[in-house]
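Right, one structure below, let's go through it.
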Amino acid sequence: MGNIYSAQNIAAYFIYELNEKGAFINSHSLQRLLAVVDKLWYKTFGHSAFKEDTASFSESNYYVKDIYETYEEFGNQHLTLPAKEWHLEYGQFQLVQRTYGVPVFTSKEALIVNSVLNKFCKISLKIAS
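Residues 1183 to 1311 (the numbering used here) are what the sequence shown spells out, left to right.
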């Protein structure tokens, strides 16, 4: 059985990894990546990968509402950093704003996420050339 993560954390993983590879990522492509991950996750583990609610009107119109609302202001611009969250550390009295963290995947989960990432990079390279 696979873990259930926040879509924000998996989105952060994609943004960091694709920026490291020099690939373009915007809010629309982020939603498509999350859709593929969720589909494969469901096939493999029998449940969604995300805590958040998702909606799908068709395969091309899948979205995670929280991700949509967070990144809609960027439109088609390249995303260089993940969104930020407010965090209160234990024993502290001041909220700190920090980027969403990257989840620690199990080996099977990492295989799914990285296969989606690699396929996305290959498709992006074909389109660019």
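All C-beta atoms in this analysis are idealised placements derived from N, C-alpha and C, irrespective of residue type, glycine included.
Computed from a predicted structure; not experimentally measured.
Identify every residue that forms a DSSP beta bridge with residue i.
i, result
"K1266", "T1281"
"Y1244", "S1238"
Going by CA-CA distance only, name the one from the options that's closest to residue i.
i, options, result
"F1196", "H1260, N1243 and Q1274", "H1260"
"A1194", "C1303, S1297, P1285 and K1304", "P1285"
"S1306", "I1207, N1185 and I1186", "I1207"
"F1232", "G1204, S1188 and V1219", "S1188"
"K1304", "Q1276, N1185 and A1205", "A1205"
Between the alpha carbons of residue i and residue j, how many angstroms are there, rounded?
i, j, result
"A1292", "E1199", "13 Å"
"E1320", "S1297", "The chain is shown from 1183 up to 1311; residue 1320 falls before or after that span and cannot be answered."
"A1237", "I1294", "21 Å"
"S1311", "F1256", "Any reading at S1311 must be qualified, since the residue scores a pLDDT of 49, below 50, and its modelled position is unreliable; no value is offered."
"T1288", "N1191", "15 Å"
"K1247", "F1227", "22 Å"
"S1230", "G1283", "20 Å"
"V1218", "T1281", "23 Å"
"M1183", "L1222", "13 Å"
"T1262", "F1275", "30 Å"
"E1251", "D1220", "19 Å"
I believe residue i touches residue j by the beta-carbon criterion, under 8 Å. Please report the beta-carbon distance rounded to the nearest angstrom.
i, j, result
"L1215", "F1302", "6 Å"
"S1209", "Y1253", "4 Å"
Looking at the unbroken alpha helix (DSSP H) that takes in residue i, where does it start and where does it end?
i, result
"S1209", "S1209 to F1227"
"Y1187", "No alpha helix (DSSP H) contains Y1187, which DSSP labels as neither H nor E."
"K1247", "K1247 to Y1253"
Which residue comes first and which comes last in the beta strand (DSSP E) that contains residue i?
i, result
"T1236", "T1236 to S1238"
"Y1272", "That residue, Y1272, is in no beta strand (DSSP E); it is neither H nor E in DSSP."
"V1286", "Unbroken run through V1286: none, as it is neither H nor E."
Under 8 Å, Cβ to Cβ, is there at least one residue of chain D near residue i?
i, result
"Y1195", "The question asks about chain D, but that chain is absent: this structure has only one protein chain."
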